[in-house]
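*Asks:* Residue numbering for the sequence shown is 0 to 298, as defined by numbering that gives the first Met the number 0. Sharing a structure below in structure tokens format, with a few things to ask.
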Amino acid sequence: MKRYSRELIIGVSVLIALLVLFFGIDYLKGINVFKAANYYYVSYTNVNGLTVSSPVTINGFKVGQVRDINYEYDNPGHVLVELSLDKKLKVPSGSKAIIKSDLLGTASVELQFSTSADSHDVGDKLIGEAMPSMLDNVASELMPTVSSIFPKVDSLLTSVNRLVSDSALLSSVKRLDKITANLEATTVNLNRTLATMPKVMTTVDGVALNLDTITANLALVSQELKEMPIESTLQNVHDITADMKVLAGKLNSTDNSLGLLLNDRGLYDHLNGAAGGLDSLLFDVKKNPKRYIPPIKVF
Numbered sequence: 000m001k002r003y004s005r006e007l008i009i010g011v012s013v014l015i016a017l018l019v020l021f022f023g024i025d026y027l028k029g030i031n032v033f034k035a036a037n038y039y040y041v042s043y044t045n046v047n048g049l050t051v052s053s054p055v056t057i058n059g060f061k062v063g064q065v066r067d068i069n070y071e072y073d074n075p076g077h078v079l080v081e082l083s084l085d086k087k088l089k090v091p092s093g094s095k096a097i098i099k100s101d102l103l104g105t106a107s108v109e110l111q112f113s114t115s116a117d118s119h120d121v122g123d124k125l126i127g128e129a130m131p132s133m134l135d136n137v138a139s140e141l142m143p144t145v146s147s148i149f150p151k152v153d154s155l156l157t158s159v160n161r162l163v164s165d166s167a168l169l170s171s172v173k174r175l176d177k178i179t180a181n182l183e184a185t186t187v188n189l190n191r192t193l194a195t196m197p198k199v200m201t202t203v204d205g206v207a208l209n210l211d212t213i214t215a216n217l218a219l220v221s222q223e224l225k226e227m228p229i230e231s232t233l234q235n236v237h238d239i240t241a242d243m244k245v246l247a248g249k250l251n252s253t254d255n256s257l258g259l260l261l262n263d264r265g266l267y268d269h270l271n272g273a274a275g276g277l278d279s280l281l282f283d284v285k286k287n288p289k290r291y292i293p294p295i296k297v298f
């Protein structure tokens, strides 16, 4: 009895595990197995990246999802897509299921209902269409522009190659290198100059202080000159100049002894001769003193 009970437990566990695995896979696919749904089929020649669990919408509102995608081996070139739609949704006869893709390549199915009063039965095949993706539309619009740009780009590259291979450009590049080196050297010298600027500023401050002292001294001298009796001094100088003129006039005149002595040649010669005679007399006295000085007798 225990042996059968153990086997029963194992069997039930395996069954539960399989059920969990089944429903778990559907859940991971985005399929709600507990929600009632109707299934429809659509045949496409190109699904444009459509995948299981891709949304099915009407006017942008989600009403279902893609349940399964399989290749139709009995109808080569076609892919059969199974749609899971809300149970309450009625699909008019002649409606279309159009595959659309956004710029990122994400595909979805857009239902485009017809105006028919009749509805499709569950399990019917709907009309399928696949619209070009937005990326394809953008590419188709840009291709003419890109095609027209290619010749211009080729011409530009040719011009660039010609310019790069030009010897004048190479010379300019070399000169630019030299200019850059000179600029670097100038920058170094400028940095050194800037480093000595504090010392220069200290020296300038000292010079400025000396200039202030000199300016103060000049102001003091100017004040002293301002306080001096300039007019009386100039008058004294004028009087002295007048006296000097009078004295010079008298020296040049023979009306006085000094002027006569300076201007009378005969008097000058006479005095000069007298001086010469006196000099001879003194010389003879020194040479023959006995002739002029009598001998002195001592008693």
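For glycine and all other residues, C-beta sits at the position ideal for the given N, C-alpha and C.
1) For Gln-64, count neighbouring C-beta atoms within 10 Å of its own C-beta (all shown protein chains included) and say buried if the count is 16 or more, exposed if not.
2) What residue from Ile-15, Ala-36, Phe-149, Val-159 has the CA that sits closest to Gly-122's CA?
3) Measuring only the C-alpha atoms, how far is Gly-127 from Val-90?
4) In angstroms, rounded to a whole number, what distance separates the CA positions of Ser-94 and Ile-57?
5) For Ala-218, count the other beta carbons within 10 Å of its own beta carbon; 16 or more makes it buried, fewer makes it exposed. Which is it?
6) Out of Leu-49, Asn-287, Asp-238, point me to the one whose CA is closest to Tyr-70's CA.
7) Once DSSP output is grouped into helix, strand and coil, what is the label at Ala-116?
8) So Ser-107 packs on Ser-53, CB below 8 Å; how close in whole Å?
9) Note down the Cα distance separating Glu-183 from Thr-157, rounded to an integer number of angstroms.
10) Whose C-alpha, out of Asp-268, Gly-76, Arg-66, Asp-204, is nearest the C-alpha of Leu-84?
11) Answer with buried or exposed for Tyr-39, where buried requires no fewer than 16 other C-beta atoms within 10 angstroms of its C-beta.
12) Can you say whether Leu-110 is buried or exposed, counting buried as having 16 or more other CB atoms within 10 angstroms of its CB?
13) Can you tell me the Cβ-Cβ gap for Val-80 and Ile-68, rounded? I've got them flagged as a contact below 8 Å.
14) In chain order, which continuous runs of the beta strand (DSSP E) of length 3 or greater are located wholly inside the stretch 72–132?
15) Let me know the secondary structure DSSP gives Ser-53 once reduced to three states.
16) For Val-41, which three-state DSSP category applies?
17) If you follow the beta strand (DSSP E) that Val-46 is part of, which residue opens it and which one closes it?
18) How many whole angstroms separate the CB atoms of Val-78 and Tyr-43, which I take to be in contact at a CB cut-off of 8 Å?
19) Where do the ends of the beta strand (DSSP E) carrying Gly-303 lie?
20) When you compare only the Cα positions, how much space is there between Pro-75 and Lys-86?
21) For the ligand ZN, is there a heavy atom less than 8 Å away from the beta-carbon of Ala-215?
22) Does Val-203 pass the burial test, meaning 16 or more other C-beta atoms within 10 Å, or should it be called exposed?
23) Where does Ala-129 land, buried or exposed, given buried means 16+ other C-beta within 10 angstroms?
24) Taking 8 Å as the limit between beta carbons, can you name the residues of its chain near Val-245, skipping five residues before and five after?
25) If you count every other CB in all the chains shown that lies within 10 Å of the CB of Phe-298, and 16 or more means buried, which is it?
26) Can you give the Cα-Cα distance for Asn-45 and Pro-143, rounded to whole angstroms?
27) Across which residues does DSSP place Ala-36 in a beta bridge pair?
28) Note down the Cα distance separating Thr-105 from Ile-98, rounded to an integer number of angstroms.
*Replies:* By the coordinates alone:
1) In the sequence shown, residue 64 corresponds to position 65, counting from 1. By the neighbour-count rule (16 or more Cβ atoms within 10 Å), Gln-64 is buried.
2) As a first step, residue 122 must be located in the sequence shown, where it is residue number 123. The residue with the shortest Cα to Cα distance from Gly-122 is Ala-36.
3) What you label residue 127 is simply residue 128 of the sequence shown in a count that begins at 1. What you label residue 90 is simply residue 91 of the sequence shown in a count that begins at 1. Their Cα atoms are separated by approximately 14 Å.
4) Translated into positions along the sequence shown, residue 94 becomes position 95. Translated into positions along the sequence shown, residue 57 becomes position 58. Taking the straight line from one Cα to the other gives about 11 Å.
5) In the sequence shown, counting from the first residue as 1, residue 218 sits at position 219. Exposed is the call here.
6) Your numbering for residue 70 matches position 71 in the sequence shown. Of the listed residues, the one whose Cα sits closest to Tyr-70 is Leu-49.
7) Position 117 of the sequence shown, counted from the start, is the residue given in the question as residue 116. DSSP places Ala-116 in coil when its eight states are reduced to three.
8) Translated into positions along the sequence shown, residue 107 becomes position 108. Translated into positions along the sequence shown, residue 53 becomes position 54. 5 Å between Cβ atoms; contact.
9) Residue mapping note: residue 183 aligns to position 184 of the sequence shown, counting from 1. Residue mapping note: residue 157 aligns to position 158 of the sequence shown, counting from 1. Each residue's alpha carbon lies about 35 Å from the other.
10) Along the sequence shown, one-based indexing puts residue 84 at 85. Taking only the C-alpha atoms, the option nearest Leu-84 is Arg-66.
11) Indexing the sequence shown from 1 puts residue 39 at position 40. Buried: at least 16 other Cβ atoms inside 10 Å.
12) Taking the sequence shown and counting its residues from 1, one reaches residue 110 at position 111. Classification of Leu-110: buried, given that the 10 Å Cβ count is 16 or more.
13) Counting from 1 along the sequence shown, the entry for residue 80 is found at position 81. Counting from 1 along the sequence shown, the entry for residue 68 is found at position 69. At roughly 5 Å, the Cβ-Cβ gap stays under 8 Å, so Val-80 and Ile-68 are in contact.
14) 78–85, 95–100, 106–111, 124–129
15) Within the sequence shown, numbered from 1, the residue matching residue 53 stands at position 54. Three-state DSSP puts Ser-53 in coil, outside helix and strand.
16) Residue 41 sits at position 42 when you count from the first residue of the sequence shown. In this structure, Val-41 counts as strand in the three-state DSSP scheme.
17) Along the sequence shown, read from residue 1 onward, the residue named residue 46 stands at position 47. Here Val-46 belongs to no beta strand (DSSP E), and DSSP marks it neither H nor E.
18) Within the sequence shown, numbered from 1, the residue matching residue 78 stands at position 79. Within the sequence shown, numbered from 1, the residue matching residue 43 stands at position 44. Indeed they touch by this definition, with Cβ atoms about 5 Å apart.
19) Past the edges of the chain, shown from 0 to 298, lies residue 303, and the structure says nothing about it.
20) Working through the sequence shown from its first residue, we reach residue 75 at position 76. Working through the sequence shown from its first residue, we reach residue 86 at position 87. Taking the straight line from one Cα to the other gives about 32 Å.
21) Of the ligands one can find in the structure shown there are none, so the ligand ZN has no counterpart to examine.
22) The residue labelled residue 203 in the question sits at position 204 within the sequence shown. Flag for Val-203 reads exposed.
23) As a working mapping, residue 129 is identified with position 130 in the sequence shown. Label assigned to Ala-129: buried.
24) Taking the sequence shown and counting its residues from 1, one reaches residue 245 at position 246. Cβ within range, chain order: n/a, list empty.
25) Mapped onto the sequence shown, residue 298 falls at position 299. For Phe-298, the predicted model reports a pLDDT of 46, less than 50, meaning its position is unreliable; a value from the coordinates is still stated below. Phe-298 comes out exposed.
26) For the purposes of this step, residue 45 is identified with residue 46 of the sequence shown, where counting begins at 1. For the purposes of this step, residue 143 is identified with residue 144 of the sequence shown, where counting begins at 1. Going by the C-alpha atoms only, they are around 25 Å apart.
27) Position 37 of the sequence shown, counting from 1, holds the residue named residue 36. According to DSSP, which records beta bridges pairwise, Ala-36 is partnered with Asp-85.
28) The sequence position of residue 105 within the sequence shown is 106, counting from 1. The sequence position of residue 98 within the sequence shown is 99, counting from 1. Near 10 Å, if we compare the C-alpha coordinates of Ile-98 and Thr-105.
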